[in-house]
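A.B. asks: To start, I am sharing the structure in question, which I have written as structure tokens.
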Amino acid sequence: MKISVELTLTPIQDDFEPVIIDLIKALRASDLTVIENPLSTQVYGDYDRVMEVLQKEVKTAFEAMDRGLLYMKIVKSDRSDYTPHF
């Protein structure tokens with residue numbers, strides 16, 4: 001089953017950028033399709049593989065920060081080829 005996941009990581013600390021950058025780099029190093037924009041990161045692939053990678057990398061990100069939030073949206077389909085029609 002293919003899924004699309006949108007992630008927004010928000011470390012609640014002064015030095016927030018390194019945690020976000022490290023998460024994005026780890027996701028890029030996986031075999032998943034990863035697309036970033038200024039507000040979020042999208043990850044696409046097989047459900048089991050996406051969740052396996054996210055479980056590991058989100059834990060690593062949480063361990064690297066004092067406090068933080070992670071917003072995650074999961075869609076049951078591969079939306080990596082989506083283009084707006086307007």
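If you're matching positions, the sequence shown starts at 1 in UniProt numbering and goes up one per residue.
The beta-carbon is built from N, C-alpha and C at its ideal position, and this holds for glycine as well.
Should Glu57 be labelled buried (16 or more other beta-carbon atoms within 10 Å of its own) or exposed?
C.D. replies: For the purposes of this step, residue 57 is taken as the residue at position 57 of the sequence shown. By the 10 Å Cβ count, Glu57 comes out buried.
A.B. asks: Who are the near neighbours of Ile20 in its chain, counting only those whose CB is closer than 6 Å to its CB and skipping five residues on each side?
C.D. replies: On the sequence shown, residue 20 is found 20 positions in, with the first residue counted as 1. The residues are Leu9.
A.B. asks: How many Å lie between Ser40 and Thr60 at the Cα?
C.D. replies: Translated into the one-based positions of the sequence shown, residue 40 becomes position 40. Translated into the one-based positions of the sequence shown, residue 60 becomes position 60. For Ser40 and Thr60, the distance between alpha carbons rounds to 18 Å.
A.B. asks: DSSP has Ile3 in a bridge; who is on the other side?
C.D. replies: Counting from 1 along the sequence shown, the entry for residue 3 is found at position 3. In DSSP, Ile3 forms a bridge with Gly45.
A.B. asks: So, helix, strand or coil for Pro11, using DSSP?
C.D. replies: To locate residue 11, count along the sequence shown from 1; it is residue 11. Strand at Pro11.
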